[in-house]
Amino acid sequence: MGLGIYVEDLWHGRLNAFTDDNEASFMGICESAPEESLLNGVNNYGETLFNSIQLRRLVKELESLPENEQNPVVQQVIDGAKQAIPRGGYLHFIGD
């Protein structure tokens, strides 16, 4: 199935859900991110949860990626984070 990505509100109600693409390109970006990056913390086999404060930093990291790494899944993650932030919500990544 790949990496599932869930946009949640403050009470963990799901607002949106999507998955990484067939090539697992988003997970590849995460795995190659610097150690101090939030992206590097996304677990391919477990769960990762970023709160609205962390999501502000995540958006900056994603928006600063090289153009060749800007793909539809990256944009979905950015959009999801921007949906969660004003709601005090979360992005919940679930690996398989």
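Counting in my numbering, the sequence shown runs from 43 upward without gaps.
Every residue gets a Cβ at the ideal spot worked out from N, C-alpha and C, and that includes glycine.
Over what stretch of residues does the alpha helix (DSSP H) that includes Ile71 continue unbroken?
To locate residue 71, count along the sequence shown from 1; it is residue 29. 67-74 is the span of the alpha helix (DSSP H), which, as asked, contains Ile71.
Using the rule of at least 16 other Cβ atoms within 10 Å of the residue's Cβ for burial, across every protein chain shown, is Glu89 buried or exposed?
By 1-based counting over the sequence shown, the position of residue 89 is 47. Glu89 is exposed by the Cβ-count criterion.
Which class does Leu80 belong to by DSSP, given the choice of helix, strand or coil?
Within the sequence shown, the letter at position 38 stands for residue 80. Coil at Leu80, not helix or strand.
Can you tell me where the alpha helix (DSSP H) with Gly122 in it begins and where it stops?
In the sequence shown, the residue the question calls residue 122 occupies position 80. Where Gly122 is concerned, the enclosing alpha helix (DSSP H) stretches over 114-126.
Do you know how far the Cα of Leu80 is from the Cα of Leu95?
Working through the sequence shown from its first residue, we reach residue 95 at position 53. Working through the sequence shown from its first residue, we reach residue 80 at position 38. As written in the sequence, residue 95 is Ile, which differs from the Leu given in the question. Rounded to the nearest angstrom, the two C-alpha atoms are 12 Å apart.
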